[in-house]
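Asker:
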Amino acid sequence: MADKSLSKAEVQHERLIDKLRKEVKRLLESAAIGGEAGISPIKSLAMAVEDCSPLDWLRSQNANRKVYWSDRSAKFETAGIGAADWIDESTHPDEHDGLKIIQDNLVASNDGVRYYGGFRFDNSSASDNDWRPFGKYFFVVPRFEMYRSSGRSWLVCNLFFKNDRNNPEDVLREFNKLSYVRPSENNDLQTLVSRTDSPDKTRFRDMIKSAMESFSRQQFEKIVLAKKADLEFDNAIDRLLLMHKLKRETSDCFHFYLQPTSDTAFMGATPERLYHRNGKRIQCDAIAGTRPRGDSEHEDQRMGEELLSSEKDRREHRFVVDSITEALSAKCDVTIHPADDPPTLLKLERVQHLYTRIECTLNNTVTDAQFVAALHPTAAVGGYPRAGIVDEIRRLEQFDRGWYAAPVGWISKNTAEFAVAIRSALARKNHLCLYAGAGILNGSNAAAEWEEIENKMRNFLKLVRQ
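Laid out in structure tokens, this is it:
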């Protein structure tokens, strides 16, 4: 019987959970005798619930593993906890093998099942201590999800029959851990104590000088150089409160949150789609060239026109378009969207970029694993030409990018979407490491590129200074 102290909505929620629990029990009992196991490796059961913010729901759950994803239009968002299935390098050291297993699992699964996760930027280098919990890659089917689309919400329970049919009581006990209580209204973040930049301004200037030398040798035409700002706070960071504030303050972005363990999470608000796949149809984004937004409509228009007419920024953007089309050309017929040729402006909360949509249809033999490998890193986050660029970035930056600027997203039976994890941060205990970069070309100015990176970090800096 429901606790009398619960609200009417919470009582209704408990009843729906009980109904979902009974359906899960029935399926697990059927699977134990072979009724479901041979039909679908993974099954997703959904129960409509009162409209609910997935982030609020996620904040109220007590779980070590958590994920969150919202698409750029905010039409689809989901939060997940626990793991019905988890695939990483511990069982499949090669990420291509891991993605092959994922796609094999999804072939006979229902359309609602999604694996969420991502990769390191540089899989050839070892993780430092901060990034070690993330590994080279991981993907998870959460045990429970709160899914919202078009103003409607569903609570989802995912079952992986290979494991769950042998431990039905363990699965059913997980229902008891679900929380129905709304998170605290306390919106105060911790107090910022210190900030350390890696590299500092002097080292950053030296990095750009080294990049210029590679241009003069005609080794590269563009190199994207990043920095991290390590912010220390007086107490442990409320990571999901920070994610909640970030989503509220940043529109027209993919929002992601990946928490593989209880004490660390990677989050961000990125404008950049690596690709969206619907069946064999693919759309990619080329985003490069940056100006701040203006304080007035007139100033904003002036800055946009300046960006559109800038030879340097147009050249930088062309490198990104070329890197994507070159990667795709062996796998499909590539088309530049007519509306974006020449490039248009993508206007975000604090910055604006040159933007081009690129579309193609894959041939039947190309997998998501092959497609990710072909595209990453694009010239927007690596450089141009691509050969040797990751090694050069590692040599110049001398810090671990981890999952910054790497592909993050999800894969389902017939669709997939990956974003590029820029404008992002790694939260661990009482530290928040911010990451951002700038495209360096022949003639780049170190002071201007430093300021561009600072501007890209302001999504987070504004929140922690409030």
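Per the working numbering, residue 1488 is the first one in the sequence shown, and the count goes up by one each step. Note that CB positions come from ideal geometry on N, CA and C, so glycine has one too.
1) Note down the Cα distance separating His1742 from Arg1559, rounded to an integer number of angstroms.
2) Do Thr1737 and Asn1946 have their C-beta atoms closer together than 8 Å?
3) Please list, in chain order, all residues of the same chain as Arg1915 whose beta carbon is under 7 Å from its beta carbon, the five residues on each side excluded.
4) Just to confirm before moving on: does the CB-CB distance between Gln1677 and Asp1721 stay below 8 Å?
5) Kindly confirm or deny that the segment 1863-1882 and the segment 1599-1609 touch, where touching means at least three C-beta pairs closer than 8 Å.
6) What does the alpha-carbon distance come out to for the pair Asn1917 and Met1754?
7) What does Pro1894 pair with, by DSSP beta-bridge criteria?
8) Taking all protein chains shown into account, decide if Val1877 is buried (16 or more other Cβ within 10 angstroms of its Cβ) or exposed.
9) With a threshold of 8 Å, are at least 3 pairs of Cβ atoms found where one atom belongs to the segment 1657-1673 and the other to the segment 1893-1906?
10) Report, in whole angstroms, the separation of the C-beta atoms of Pro1655 and Leu1515, which I expect to be a contact under 8 Å.
11) What is the rounded straight-line gap between the Cα of Ala1524 and the Cα of Lys1649?
12) Quick one: what does DSSP say Ala1716 is sitting in, helix, strand or coil?
13) Tell me whether Ser1783 sits in a helix, a strand or coil according to DSSP, three-state version.
14) Quick one, are the C-beta atoms of Pro1758 and Arg1837 less than 8 Å apart?
15) Tell me the DSSP secondary structure of Val1600 in three-state form.
16) Could you tell me which residues DSSP puts in a beta bridge with Phe1626?
17) Given this structure, state the Cα-to-Cα distance separating Asp1782 from Val1627, to the nearest angstrom.
18) Is it buried or exposed, Val1711, if we count other Cβ atoms within 10 angstroms and call 16 or more buried?
19) From Gly1889, Met1944, Asn1932, Val1907, pick the residue whose C-alpha is nearest to that of Arg1619; which is it?
20) With distances taken Cα to Cα, identify the nearest neighbour of Asp1855 among Ala1698, Ile1588, Trp1556, Asn1549.
21) Return helix, strand or coil for Glu1537, following the three-state DSSP convention.
22) For the alpha helix (DSSP H) containing Asp1558, name the first residue and the last one.
23) Starting from Thr1822, follow the beta strand (DSSP E) in both directions and report where the run begins and ends.
24) Can you give me the C-alpha to C-alpha distance between His1763 and Ile1845, rounded to a whole angstrom?
25) Looking only at its chain, what residues have a beta carbon closer than 8 Å to the beta carbon of Ser1612, apart from the 5 residues adjacent to it on each side?
26) Beta carbon of Gly1604, beta carbon of Tyr1634: below 8 Å?
27) So what does DSSP say about Glu1792, is it helix, strand or coil?
28) Beta-carbon separation of Ala1756 and Leu1733 under 8 Å?
29) Shortest alpha-carbon distance to Thr1822 belongs to which of His1804, Thr1843, Phe1806, Lys1834?
30) Check whether chain C comes within 8 Å of Arg1882, counting only Cβ atoms and requiring the distance to be less than that.
31) Name the residue from Lys1696, Gly1622, Asp1675, Ser1703 whose alpha carbon lies nearest to the alpha carbon of Arg1883.
32) Here's the rule I'm using: 16 or more other beta-carbon atoms within 10 Å means buried, otherwise exposed. How should Asp1651 be labelled?
33) How far does the alpha helix (DSSP H) with Asn1650 in it reach, from first residue to last?
34) Counting only the same chain and skipping the five closest in sequence on each side, list residues whose C-beta sits under 6 Å from that of Glu1632.
35) Taking Arg1502 as the reference, which of Glu1537, Pro1528, Ser1931 has the closest Cα?
36) Apart from the five residues just before and just after Lys1818, which ones in its own chain have a Cβ nearer than 8 Å to its Cβ?
Answerer: Walking through what the data contain:
1) The alpha-carbon atoms of His1742 and Arg1559 are separated by roughly 7 Å.
2) Closer than 8 Å, so yes.
3) Beyond the five residues adjoining it in sequence on each side, Arg1915 comes within less than 7 Å, by CB distance, of Asp1617, Asp1750, Thr1751 in the same chain, given in chain order.
4) Contact flag set, yes.
5) Touching, yes.
6) Near 15 Å, if we compare the C-alpha coordinates of Met1754 and Asn1917.
7) According to DSSP, Pro1894 bridges with Val1907.
8) Taking a 10 Å sphere around the C-beta of Val1877, we find 16 or more other C-beta atoms and assign the residue as buried.
9) Contact between the segment 1657-1673 and the segment 1893-1906 is absent, because fewer than three Cβ pairs lie under 8 Å.
10) Between the beta-carbon of Pro1655 and that of Leu1515 there is about 4 Å, and that keeps the pair under the 8 Å contact cut.
11) Low confidence applies here, because Ala1524 scores a pLDDT of 48, under 50, leaving its location unreliable; read the following figure in that light. CA-to-CA, the gap between Ala1524 and Lys1649 works out to about 7 Å.
12) Here Ala1716 sits in strand by DSSP.
13) In the structure shown, Ser1783 sits in coil (DSSP, three-state: anything other than H, G, I, E or B).
14) Inclusion of Pro1758 and Arg1837 in the CB contact set at 8 Å is not warranted, their separation being larger than that value.
15) Val1600 falls in the coil class under three-state DSSP.
16) In DSSP, Phe1626 forms a bridge with Ile1574, Gly1604.
17) Going from the Cα of Asp1782 to the Cα of Val1627 covers about 42 Å.
18) Buried, since its Cβ has 16 or more Cβ neighbours within 10 Å.
19) Cα-wise, what sits closest to Arg1619 is Gly1889.
20) Residue Ile1588 is the option with its Cα nearest to Asp1855.
21) If DSSP states are grouped into helix, strand and coil, Glu1537 belongs with coil.
22) Bounds of any alpha helix (DSSP H) do not take in Asp1558, whose DSSP letter is neither H nor E.
23) First-last of the beta strand (DSSP E) with Thr1822: 1819-1823.
24) Their backbone Cα atoms lie some 11 Å apart in a straight line.
25) Only Arg1881, Asp1887 meet the Cβ criterion.
26) Result no, Cβ atoms of Gly1604 and Tyr1634 do not sit closer than 8 Å.
27) Glu1792: helix per DSSP, three-state reduction.
28) The answer is yes: Cβ separation under 8 Å.
29) Of the listed residues, the one whose Cα sits closest to Thr1822 is Thr1843.
30) Going by chain labels, chain C is absent from the structure shown, which holds only one protein chain.
31) Rather than Arg, the amino acid found at residue 1883 in this sequence is Leu. That would be Lys1696, whose Cα lies nearest to the Cα of Leu1883.
32) It is buried - the Cβ of Asp1651 has at least 16 other Cβ atoms within 10 Å.
33) 1648-1651 is the span of the alpha helix (DSSP H), which, as asked, contains Asn1650.
34) Its chain contains Thr1565, Gly1567, Val1643 as the residues whose beta carbon lies nearer than 6 Å to that of Glu1632, once the 5 sequence neighbours on both sides are disregarded; these appear in chain order.
35) The shortest Cα separation from Arg1502 among Glu1537, Pro1528, Ser1931 belongs to Glu1537.
36) Correct list, in chain order: Cys1847, Leu1849, Asn1850, Val1853, Gln1857, Phe1858, Ala1861.
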